[in-house]
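Input: a single structure, listed below in structure tokens.
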Amino acid sequence: MSLILHGITALRDTLQPLRAQQRIALVPTMGNLHAGHLSLVELARRHAEVVVVSIFVNPTQFGENEDFDSYPRTLDADVAKLDDVGVDYVFAPTIDEMYPVLPPPTQIRLGEIATKLCGHTRPTHFDGVGIVVSKLFNIVQPTVAVFGQKDYQQLAIIRQIVRDLSYDIDIIAAPIVRADDGLALSSRNQYLSDKERQHIAPQLHEHIHTLAQQLARGEHLVVGLSALLKKTAAQLNAAGFEVDYLKVTTPLLTEVTDSDKQLVILVAAWLGKARLLDNEQVQVQA
Ligand code: AMP
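Start counting the sequence shown at 2; every next residue gets the next number (our numbering).
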């Protein structure tokens, strides 16, 4: 059984005696857990004797008109799932516990990386991610922390924070877990209607996978990257998505040049009430 702790002091007091002998892994989440989250827990277990999962719907990473109030909160069901996979501690703080002053006047400036892609549409989002992750790192002081590649830009930002603030934490990236039809699992998929979920949503991955195959064959070097992107975006819009962005970058999220062999396709698209994210890494063979 996992032990649920709501207080920072209680968690610190619990973990302190374990530190000398055991590695501690942290898996930060906003709850409403699915198989994607549980894969992170399993990966954490391979790197540490003690696994801590945090469940906190972090208000500072939601914009004013976003879904903070309606975001699904399912703590009891989450804890049952974590019991099944074997987690030692669940840290489920209240907002007051995490933020004595809200919004916190202390901020972390993340620079350019947080202004592009999702940061362009959600200008305050990564500042909120940065502060909550920094707090969780300070509270838990884990040996390793596991994050999903599904949120590719978030992972890059967390690596930047670890480097720039000298956190002594290994960041482990977990592969994207998908439904059988290819849709990346996400708590926000439940905002989709049955029709959107069944018939349209899987096409997001289908189309970026087709683009990935074209890039792997080096077609962008012949017809130009923007022509391929334009065609894929048009297919997504025709399928019923409203594309927020569709970009190809280097793994460090910088502009690609013709000599780059490792690429990442990143997409965010609205489908009905859900903003879906996906990405795929590509090795250019040409
Ligand atoms: P969230 O609860 O959405 O904030 O996600 C918590 C962690 O789970 C983040 O590191 C996400 O990248 C990761 N995650 C969410 N969905 C998936 C998925 N389908 N596959 C792998 N990791 C995921």
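Here a beta-carbon is modelled for each residue, glycine too, at the ideal position from N, C-alpha and C.
In this text the structure is predicted, and so the values were computed from the model without any measurement.
Practice problem: Indicate the three-state DSSP secondary structure (helix, strand or coil) for Gln-204 in the structure shown. | Solution: Along the sequence shown, read from residue 1 onward, the residue named residue 204 stands at position 203. In this structure, Gln-204 counts as helix in the three-state DSSP scheme.
Quiz item: Does the separation of the CB atoms of Leu-44 and Asp-79 fall below 8 Å?
Solution: Against the sequence shown, residue 44 aligns to sequence position 43. Against the sequence shown, residue 79 aligns to sequence position 78. No.
Quiz item: For Glu-243, does the three-state DSSP call read helix, strand or coil?
Solution: As a working mapping, residue 243 is identified with position 242 in the sequence shown. Residue state, collapsed to three classes: strand.
Quiz prompt | Beta-carbon separation (whole angstroms), Val-249 vs Leu-264, contact threshold 8 Å | solution = Counting from one through the sequence shown, the residue named residue 249 turns up at place 248. Counting from one through the sequence shown, the residue named residue 264 turns up at place 263. Contact flag correct, Cβ pair sits at about 5 Å.
Quiz prompt | In DSSP terms, what Ala-146 is bridged to | solution = Position 145 of the sequence shown, counted from the first residue, corresponds to residue 146. DSSP lists Leu-27, Ile-172 as partners of Ala-146.
Self-check item: Val-53 vs Ala-26 beta-carbon contact at 8 Å
Solution: Here residue 53 refers to the residue found at position 52 of the sequence shown. Here residue 26 refers to the residue found at position 25 of the sequence shown. Their beta carbons are under 8 Å apart, which means Val-53 touches Ala-26 by this criterion.
Quiz prompt | Span of the alpha helix (DSSP H), counted from its first residue to its last, around Leu-272 | solution = Here residue 272 is taken as the residue at index 271 of the sequence shown, counted from 1. Where Leu-272 is concerned, there is no enclosing alpha helix (DSSP H), although the beta strand (DSSP E) it sits in stretches over 263-272.
Self-check item: Distance between Met-31 and Thr-95 (C-alpha atoms, nearest Å)
Solution: The count along the sequence shown starts at 1 and reaches residue 95 at position 94. The count along the sequence shown starts at 1 and reaches residue 31 at position 30. Rounded to the nearest angstrom, the two C-alpha atoms are 12 Å apart.
Quiz prompt | Residues near Leu-19 by beta carbon distance below 6 Å, same chain, minus five either side | solution = As a first step, residue 19 is located in the sequence shown; it is residue number 18 there, counting from the start. If we look at Leu-19 and ignore the five residues flanking it on each side, its Cβ neighbours are Val-51.
Quiz item: Does the ligand AMP have a heavy atom nearer than 7 Å to the CB of Met-31?
Solution: Working through the sequence shown from its first residue, we reach residue 31 at position 30. It does: the Cβ of Met-31 is within 7 Å (strictly closer) of some heavy atom of the ligand AMP.
Quiz item: Does the distance from the CB of Ile-209 to the CB of Glu-281 come in under 8 Å?
Solution: If you number the sequence shown from 1, residue 209 lands on position 208. If you number the sequence shown from 1, residue 281 lands on position 280. It is a contact, given that the beta carbons lie within the stated cut-off.
Quiz item: What's the call for Asp-182, buried or exposed, on a 16-neighbour Cβ count within 10 Å?
Solution: What you label residue 182 is simply residue 181 of the sequence shown in a count that begins at 1. Answer is exposed; the Cβ neighbour count stays below 16.
Quiz prompt | Any non-hydrogen atom of the ligand AMP within 7 Å of Asp-70 CB | solution = Taking the first residue of the sequence shown as position 1, residue 70 is located at position 69. For the ligand AMP, not one heavy atom lies less than 7 Å from the Cβ of Asp-70.
Practice problem: Drop a sphere of 10 angstroms on the beta-carbon of Lys-196, count the other beta-carbons inside from all chains shown, and report buried for 16 or more, exposed for fewer. | Solution: Reading the sequence shown from its first residue, position 195 is the one you call residue 196. By the 10 Å Cβ count, Lys-196 comes out exposed.
Exercise. Kindly give me the distance between the Cβ atoms of Phe-138 and Leu-6, rounded to whole angstroms, as I take these residues to be in contact under 8 Å.
Key: Position 137 of the sequence shown holds residue 138. Position 5 of the sequence shown holds residue 6. At roughly 17 Å, the Cβ-Cβ gap does not stay under 8 Å, so Phe-138 and Leu-6 are not in contact.
Quiz item: Can you name the residues that DSSP bridges to Lys-248?
Solution: Your numbering for residue 248 matches position 247 in the sequence shown. Note: Lys-248 sits in a beta bridge opposite Leu-267.
Exercise. Please go through the stretch 28-84 and give each complete alpha helix (DSSP H) segment of 4 or more residues, from N-terminal end onward.
Key: 36-48
Quiz item: From Leu-229 to Phe-69, what distance separates their C-alpha atoms?
Solution: The residue given as residue 229 occupies position 228 in the sequence shown. The residue given as residue 69 occupies position 68 in the sequence shown. Roughly 35 Å between the two C-alpha positions.
Quiz prompt | Nearest residue (CA-CA) to Tyr-246, options Val-147, Ile-266, Gln-62, Val-133 | solution = For the purposes of this step, residue 246 is identified with residue 245 of the sequence shown, where counting begins at 1. The candidate whose alpha carbon is nearest that of Tyr-246 is Ile-266.
Quiz item: Should Val-102 be labelled buried (16 or more other beta-carbon atoms within 10 Å of its own) or exposed?
Solution: Numbered from 1 along the sequence shown, position 101 holds the residue referred to as residue 102. Burial call: exposed.
Self-check item: Phe-148 beta carbon less than 8 Å from that of Leu-205
Solution: On the sequence shown, position 204 is the one that residue 205 refers to. On the sequence shown, position 147 is the one that residue 148 refers to. 8 Å or more divides the Cβ of Leu-205 from the Cβ of Phe-148.
Quiz item: So Leu-254 packs on Ile-56, CB below 8 Å; how close in whole Å?
Solution: Numbered from its first residue, the sequence shown carries residue 254 at position 253. Numbered from its first residue, the sequence shown carries residue 56 at position 55. Incorrect: roughly 28 Å between the Cβ atoms, too far for contact.
Quiz item: Thinking C-alpha only, which one of Gln-191, Lys-231, Ile-159, Gln-23 is nearest Ala-273?
Solution: To locate residue 273, count along the sequence shown from 1; it is residue 272. Reading off the sequence shown, one finds Gly at residue 273, where the question assumed Ala. Nearest of Gln-191, Lys-231, Ile-159, Gln-23 to Gly-273, Cα basis: Gln-191.
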